[in-house]
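Heads up: the structure comes next, in structure tokens.
Numbering (my numbering), first residue to last: 1110 to 1622.
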């Protein structure tokens, strides 16, 4: 799961030091082994762990995939590359990645897209096996009736017909680890994380001679925070990007009321309205086809009525009127008493617990629910708990089918978030809208596509709109909305719509399929 829900955990943990083995540092082109590769290195995601050195090894295999009636031949490459300090050339970290490249395509004109999840500390299995890679897990989202293990099938909505794809894990997740004298936690912070990702992208581009390829970033959740800082860093380093895709954004932690408790929850309200509509609790309840228009009105109510009322309450404790609480109840299905002072600034945690008595809704996808006391509710978020085991087991077996095995456990979510330095600029938690603005200024041709789910109350779609509205007026910034939660691509219908929007985005960026 592209997790960020524990982003303000500040507990001090006693980390166990550990080192993984490794070969000699490779300064040149990675050496592909002649057959399926059993990696002897033991990887650790502990804060103080590092590899004494690392060798760049990769295994390649040939495959085909049918998309819209056309069969594409492609090469899968799985292994490690070493990010290096651009000044000294010193090895920083060994990044685990899986790349898919179209056979016979010109590297000069073929787009390449770098995918990563968020966390911080999340591996990229979610995007890799859920979104637009050649294979995807069929979860049945939002139903929880699909039995585990989820079927892994050819992905007819893969982005491979549009772009080459590189899925990469952050340091301290999956099988990515720092190289001594660095340790994993050396790269656990907003700025150092973006810098080492910059160095991975530059290393991949150099090793694979992709200097002239149109380049794209695709980040999810905290990965969108990374993308804004990374886009600026790459542009400053002379690596021109063609596009940045933001999936379920958190661009300003300071405006997200699930992170900063005294922040105005105005940005959450349309997501609450979408959730009430899904469960038939809004009055009047819109038909599914009418939900987008209904949410236009919810946005207007949030901006013109609810947001100002919350601001008044936070500044001088002005209680909401009975008329306002009744209107909020009609809009969302959340009882009027729950909107009364001191609860007018309703946080997502309260909403998902109280909207339907006896039921816990998912925060990442409020359409997924579980009865209180059931195992699915015990994890705190049924829309996370239901999928985690399936993705964790599938990624290891899938990568093995590509020819790569290791004795190390693939870590879907490491502990980076507990030691993460969220400070960025003058803020204790990041606001990266200025970084994205800087990237757009450095490269006026850069395009941005923001993809958002109506039913995600972790990174609410309207809050993303509010944050993006701070950018200077720019026709290169586009937003799209879908039925679904944080991972809209898990919903079959939404994935198809998202693929169509991505195709249009790449075409508008000068890269028609």
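All C-beta atoms, glycine included, are put in the ideal place defined by N, C-alpha and C.
Coil, strand or helix - residue i by DSSP
i, result
"residue 1313", "helix"
"residue 1202", "strand"
"residue 1556", "strand"
"residue 1208", "strand"
"residue 1592", "coil"
"residue 1118", "A caution first: residue 1118 carries a pLDDT of 29, below 50, which makes its placement in the model unreliable, though a value can still be read off. In this structure, residue 1118 counts as coil in the three-state DSSP scheme."
"residue 1521", "coil"
"residue 1286", "strand"
"residue 1614", "helix"
"residue 1320", "coil"
"residue 1465", "coil"
"residue 1270", "helix"
"residue 1426", "coil"
"residue 1132", "Here residue 1132 scores only 31 on pLDDT, less than 50, and its place in the model should not be relied on; the value that follows carries that caveat. If DSSP states are grouped into helix, strand and coil, residue 1132 belongs with coil."
"residue 1460", "helix"
Whole-number beta carbon distance between residue j and residue i, since they are thought to touch under 8 Å
i, j, result
"residue 1322", "residue 1217", "7 Å"
"residue 1533", "residue 1567", "The Cβ separation is near 20 Å, so there is no contact."
"residue 1369", "residue 1377", "About 13 Å; that fails the 8 Å criterion."
"residue 1453", "residue 1419", "6 Å"
"residue 1190", "residue 1316", "7 Å"
"residue 1345", "residue 1551", "7 Å"
"residue 1471", "residue 1391", "Contact flag wrong, Cβ pair sits at about 19 Å."
C-beta contact flag for residue i and residue j at 8 Å
i, j, result
"residue 1429", "residue 1408", "no"
"residue 1489", "residue 1230", "no"
"residue 1275", "residue 1224", "yes"
"residue 1365", "residue 1599", "no"
"residue 1584", "residue 1253", "no"
"residue 1447", "residue 1299", "no"
"residue 1328", "residue 1227", "yes"
"residue 1604", "residue 1266", "yes"
"residue 1500", "residue 1185", "no"
"residue 1268", "residue 1573", "no"
"residue 1580", "residue 1542", "yes"
Given residue i as reference, the closest of the options once Cα atoms are compared
i, options, result
"residue 1178", "1263, 1152, 1387", "1263"
"residue 1592", "1198, 1563, 1465", "1563"
"residue 1277", "1302, 1290, 1260", "1302"
"residue 1480", "1465, 1472, 1390", "1465"
"residue 1613", "1579, 1558, 1577", "1558"
"residue 1389", "1438, 1349, 1361", "1438"
"residue 1544", "1258, 1342, 1199", "1342"
"residue 1459", "1381, 1258, 1394, 1392", "1381"
"residue 1577", "1319, 1156, 1337, 1163", "1337"
"residue 1504", "1154, 1399, 1449, 1244", "1244"
"residue 1164", "1556, 1193, 1334, 1155", "1193"
"residue 1484", "1474, 1272, 1387, 1469", "1469"
"residue 1372", "1324, 1421, 1404", "1421"
Cβ-based neighbour list, residue i, same chain, cut-off 7 Å, excluding 5 preceding and 5 following
i, result
"residue 1280", "1202, 1286, 1287, 1293, 1296, 1305"
"residue 1517", "1151, 1152, 1284"
Own chain partners of residue i with C-beta closer than 6 Å, once the 5 adjacent residues on each side are dropped
i, result
"residue 1207", "1187, 1276"
"residue 1589", "1560, 1610"
"residue 1616", "none"
"residue 1514", "1147"
Chain-order list of residues whose beta-carbon lies under 8 Å from that of residue i (same chain, five-residue window excluded)
i, result
"residue 1456", "1366, 1367, 1370, 1374, 1377"
"residue 1318", "1216"
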